[in-house]
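K.L.:
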Amino acid sequence: TQLEELKVKSGAAFRISEHVIITDENFYDVIIDYGVAHACDLCCLGVSSSIKHALGDNTEHLVKKADFPILSCRDVKRPVQFKNLLLPIDLSENTKEKVDRIIKFAIQFDATIHLLGVTEFFEELTRSTSAIDVNLDEAAQEIRGAGLKCTTEIIKHDYVSHSIIGYAEEIDADLLVIMSKQGNKINKIIELLLGSRVNKVIAQSKIPVLSFRPEED
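Here the working numbering is used: the first residue of the sequence shown is 4, the next is one more, and so on.
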């Protein structure tokens with residue numbers, strides 16, 4: 004079976020246990036209940052959407068509803084090392100939480116964090132984008148203060164998903180880290196008009212995407 008093959012491939016590097024669940028309930032509800040019952044820190048999920056800019060129902064519901072982080076992965080041709088992490092920074096209210104979480108993750112791998120400030124044209128018409136520069140500077144200071152390497156870049160005027168995917172390829176990122184739900188009212192309006200940024204990033208990304216919900220959500 005695939006589970007047995009995974010055990011063999013990993014050697015003795017990981018302790019792997021297997022649980023097979025046969026159910027007529029929703030796939031995502033079963034995974035969420037299992038993750039909560041076993042206090043899981045992470046759910047790793049294969050992504051194979053046939054629609055370029057959309058996720059399958061199971062992946063979309065897991066990303067939106069799970070209280071634990073979701074690592075979405077496509078079939079990769081090289082070992083994943085988590086040495087170059089990309090964290091997009093936008094105009095949402097959760098920048099501090101994003102930075103705190105990625106620092107904890109990056110320290111375990113001695114990784115470099117690449118911060119990318121992103122805005123869309125619609126946002127620039129409706130509100131000031133000067134907060135991007137402030138958020139980016141404060142995030143970089145906190146990351147460097149934790150003893151980690153950090154770079155910064157800003158891309159404006161384009162669709163956020165385009166900016167993130169393109170920059171990830173440019174810097175050869177190993178992992179994208181995003182927050183799966185934004186509380187900002189402007190962001191909610193943009194998602195209604197243009198679709199979910201998170202869904203587009205996960206559906207289009209060729210590298211693993213680590214998504215999590217705000218803790219207060």
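Glycine included, C-beta positions come from ideal geometry on N, C-alpha and C.
1) Compute the Euclidean distance between the alpha carbons of leucine 197 and isoleucine 205, then round it to the nearest angstrom.
2) Could you say which of Leu65, Val137, Gly59, Glu96 lies nearest to valine 33 if we only look at CA atoms?
3) Measure the alpha-carbon distance for threonine 154 versus phenylalanine 30 and round it to whole angstroms.
4) Please look up how many angstroms separate the CB atoms of glycine 120 and isoleucine 92, rounded, as I've assumed it's under 8 Å.
5) If I follow the unbroken alpha helix (DSSP H) through histidine 165, where does it start and stop?
6) Between the region 153–168 and the region 204–218, are three or more C-beta pairs nearer than 8 Å?
7) For the structure I just gave you, are there three or more beta carbon pairs, one from the region 69–76 and one from the region 33–50, closer than 8 Å?
8) Grab me the residues of isoleucine 106's own chain with a C-beta within less than 8 Å of its C-beta, minus the 5 sequence neighbours each way, in chain order.
9) Who are the near neighbours of arginine 200 in its chain, counting only those whose CB is closer than 6 Å to its CB and skipping five residues on each side?
10) Can you tell me where the alpha helix (DSSP H) holding leucine 65 begins and where it ends?
11) Specify, as a first and last residue, the run of the alpha helix (DSSP H) that threonine 146 falls within.
12) Can you check which of these residues, Val137, Glu7, Gly59, Asp27, is closest to arginine 18 by C-alpha distance?
13) Would you mind sorting glutamate 173 into buried or exposed? The rule is 16 or more other CB atoms within 10 Å of its CB.
14) Among Lys101, Val23, Ser75, which residue has its Cα nearest to the Cα of phenylalanine 46?
15) Judging by CA-CA distance, which residue of Glu156, Asp136, Val50 is the nearest neighbour of valine 212?
P.N.:
Quick look at the numbers:
1) Reliability of the predicted coordinates at leucine 197 is poor, the pLDDT of 41 falling under 50, and no value is obtained from them.
2) Leu65
3) 39 Å
4) 5 Å
5) 163–173
6) yes
7) yes
8) Ile116, Glu145, Ile146, Ala149, Leu151
9) Val163, Ser164
10) 60–68
11) One point to set straight first is that residue 146 is isoleucine, not threonine, in the sequence displayed. Taken as a continuous stretch (DSSP letters only), the alpha helix (DSSP H) holding isoleucine 146 covers 133–148.
12) Glu7
13) exposed
14) According to the sequence as given, residue 46 is cysteine; it is not phenylalanine. Selected option, being the one with the closest Cα: Ser75.
15) Val50
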